[in-house]
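Asks:
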DNA sequence: GACTCGTGGAG
DNA sequence: TCTCCAAGAGT
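Numbering (the working numbering), first residue to last: 1 to 375.
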């Protein structure tokens with residue numbers, strides 16, 4: 001371990017940074033919904049929603065969520081399906097489940113009051129190092145760092161840090177630096193200032209250095225290396241999965257849907273019945289033959305997995321959906337259900353007016369909408 | 001440390 | 001069209 005394994009900075013630079021950033025933040029901060037309250041619960045909900053999710057995407061969800069679940073008690077007492085439904089389309093659905101689980105723990109163990117102790121908050125489900133620091137500093141103004149992607153980018157540039165910010169160990173190092181930078185009595189504004197600077201000025205591509213409050217001492221700018229920092233390893237491409245899905249409608253216009261398992265991808269969400277196809281490198285067959293094979297595999301797969309008999313009648317559409325780590329290429333077939341078949345417990349018939357009762361991932365929302373507009 | 005876990009906007 | 005990604009956490 002050499003002396004350079006941890007970042008160091010002198011107090012004079014620290015004071016400069018905090019003073020300039022705080023003044024800039026207090027004059028330029030955006031008027032965001034969750035900044036209008038110091039309620040730890042509201043801060044908490046916003047931080048969970050904002051994980052890996054853009055501000056503009058979160059805002060409408062945040063308003064709806066706070067209207068539906070305005071307090072710790074309201075969320076703790078709500079049916080889990082209602083919470084998942086409120087999260088529909090936002091992605092990373094385990095966040096919703098973990099949030100409600102943690103809120104229930106706050107109700108039971110802390111009398112409904114979000115604790116102001118970093119250790120206790122960190123132990124809550126779905127609350128990691130960043131979110132714990134954000135709640136501590138923003139709601140309680142306690143001097144805990146809140147290091148997200150913005151903060152890593154901003155500090156990497158200013159202090160010329162060349163560690164790969166995609167590595168977890170780098171976040172730990174930057175956390176130590178960020179903790180040291182927090183000015184007395186202004187943790188909340190300072191942490192939000194760092195993030196605000198990263199979101200609006202020190203952006204990933206073509207940052208607006210000329211409006212930056214700390215540009216005159218920014219290492220990356222002084223050395224002309226703004227574009228090459230931060231160092232970040234590129235993610236590997238998602239793996240391909242080919243799938244075939246069944247659209248089954250009855251005479252009343254109801255759709256056959258099923259609920260996904262409680263763990264894993266899209267846990268607990270509703271979907272169209274479908275199967276994964278063998279990923280053999282298709283030997284250049286014509287499209288019609290490939291669809292025929294997929295349709296056959298769909299019928300056989302649903303019979304084997306769920307014990308239901310369906311007969312593909314026509315190809316409806318192809319749909320692609322890209323998750324962070326998987327790419328689904330799905331062929332969708334309009335199918336007929338075998339008469340008199342009993343449905344497994346995780347299957348339902350969904351009437352058109354029941355759409356609001358079930359939470360679907362967006363890829364199935366699109367397919368269902370396309371089917372609805374085709375009939 | 002590497003993988004899992006969504007989505008849609010921006011360039 | 002494609003790439004990167006946006007206020008990360010769990011395993």
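Don't be surprised by glycine CBs; every beta carbon is placed ideally from N, CA and C.
What is the rounded straight-line gap between the Cα of residue 56 and the Cα of residue 25?
Replies: 19 Å
Asks: Decide if residue 47 is buried, meaning its Cβ has at least 16 other Cβ atoms within 10 Å, or exposed.
Replies: When all chains shown are included, residue 47 counts as buried.
Asks: What does the Cβ neighbour count give for residue 357, buried or exposed, with the cut at 16 atoms within 10 Å?
Replies: exposed
Asks: Hey, out of 264, 166, 51, 321, whose CA is closest to residue 230's CA?
Replies: 166
Asks: Please give me, in chain order, every unbroken run of the alpha helix (DSSP H) with length at least 4 that falls completely inside the stretch 68-143.
Replies: 72-77, 80-86, 94-109, 118-122, 129-134
Asks: Considering only C-alpha positions, which residue in the set 86, 59, 81 is nearest to residue 68?
Replies: 86
Asks: Here's the rule I'm using: 16 or more other beta-carbon atoms within 10 Å means buried, otherwise exposed. How should residue 263 be labelled?
Replies: exposed
Asks: What residue does the alpha helix (DSSP H) around residue 304 start on, and which one ends it?
Replies: 287-306
Asks: Helix, strand or coil, according to DSSP, for residue 242 in the structure here?
Replies: strand
Asks: Where does residue 234 land, buried or exposed, given buried means 16+ other C-beta within 10 angstroms?
Replies: exposed
Asks: When you compare each of 343, 221, 324, 310 to residue 335 by their alpha carbons, which one comes out closest?
Replies: 310
Asks: Among residues of its own chain, excluding the 5 on either side of residue 126, which ones have a beta-carbon nearer than 7 Å to its beta-carbon?
Replies: 48, 95, 98, 99, 102
Asks: When DSSP labels each residue in this structure, what does residue 218 get in the three-state scheme?
Replies: coil
Asks: Closer than 8 Å is the cut-off here; do at least three beta carbon pairs connect the stretch 239-246 with the stretch 339-353?
Replies: The stretch 239-246 vs the stretch 339-353: no contact.
Asks: Mind checking residue 301: buried by the 16 CB within 10 Å criterion, or exposed?
Replies: buried
Asks: Once the 5 residues before and after residue 158 are set aside, which same chain residues still bring their CB inside 8 Å of it?
Replies: 17, 214, 217, 218, 219, 220
Asks: Can you find at least 3 beta carbon pairs, one from the stretch 168-176 and one from the stretch 73-84, that sit closer than 8 Å?
Replies: no
Asks: Can you give the Cα-Cα distance for residue 161 and residue 148, rounded to whole angstroms?
Replies: 15 Å
Asks: Return the Cβ separation of residue 177 and residue 7 in integer angstroms, given the expectation that the two are a contact with Cβ distance under 8 Å.
Replies: Indeed, because the Cβ distance is near 5 Å, the residues count as touching under 8 Å.
Asks: Between residue 12 and residue 181, what straight-line distance do the alpha-carbon atoms span, to the nearest angstrom?
Replies: 11 Å
Asks: Just to confirm my understanding: we take residue 2, look at its own chain, exclude 5 residues before and 5 after, and list those with CB closer than 6 Å. What are they?
Replies: Below a pLDDT of 50, predicted positions are generally treated as unreliable, and residue 2, at 32, falls in that range; the measurement from the model is reported next regardless. No residues qualify anywhere along the chain.
Asks: Within 10 angstroms of the Cβ of residue 299, are there 16 or more other Cβ atoms? Answer buried if so, exposed if not.
Replies: buried
Asks: Answer with buried or exposed for residue 211, where buried requires no fewer than 16 other C-beta atoms within 10 angstroms of its C-beta.
Replies: For residue 211, the number of other beta carbons within 10 angstroms of its own is below 16, and it is reported as exposed.
Asks: Express the C-alpha separation of residue 43 and residue 35 in angstroms, rounding to a whole number.
Replies: 8 Å
Asks: Look at residue 376 and residue 144 and say whether their C-beta atoms are less than 9 Å apart.
Replies: In the structure as shown, the chain begins at 1 and stops at 375. Residue 376 is therefore absent and cannot be evaluated.
Asks: Could you have a look at residue 335 and say whether DSSP puts it in helix, strand or coil?
Replies: strand
Asks: Around the C-beta of residue 10, are 16 or more other C-beta atoms found within 10 angstroms, so that it is buried, or is it exposed?
Replies: exposed
Asks: Using DSSP with H/G/I as helix, E/B as strand and the rest coil, what is residue 319?
Replies: strand
Asks: How many angstroms separate the CA atom of residue 72 from the CA atom of residue 63?
Replies: 16 Å
Asks: When you compare each of 21, 50, 22 to residue 32 by their alpha carbons, which one comes out closest?
Replies: 50
Asks: Sorted by chain position, which residues of the same chain lie with C-beta nearer than 6 Å to residue 191's C-beta, five sequence neighbours on each side aside?
Replies: 137, 146
Asks: Output the boundary residues of the alpha helix (DSSP H) element that contains residue 17.
Replies: 11-28
Asks: If we ignore side chains and look at the alpha-carbon of each, how far apart do residue 60 and residue 40 end up?
Replies: 19 Å
Asks: Assign residue 189 to one of two classes, buried (16 or more other C-beta atoms within 10 Å of its C-beta) or exposed (fewer than that).
Replies: buried
Asks: So, at 6 Å on beta carbons, what are the nonlocal neighbours of residue 253 in its own chain, with the 5 sequence-adjacent residues on each side left out?
Replies: For residue 253, where only same-chain residues beyond five positions count, the Cβ hits under 6 Å are 352.
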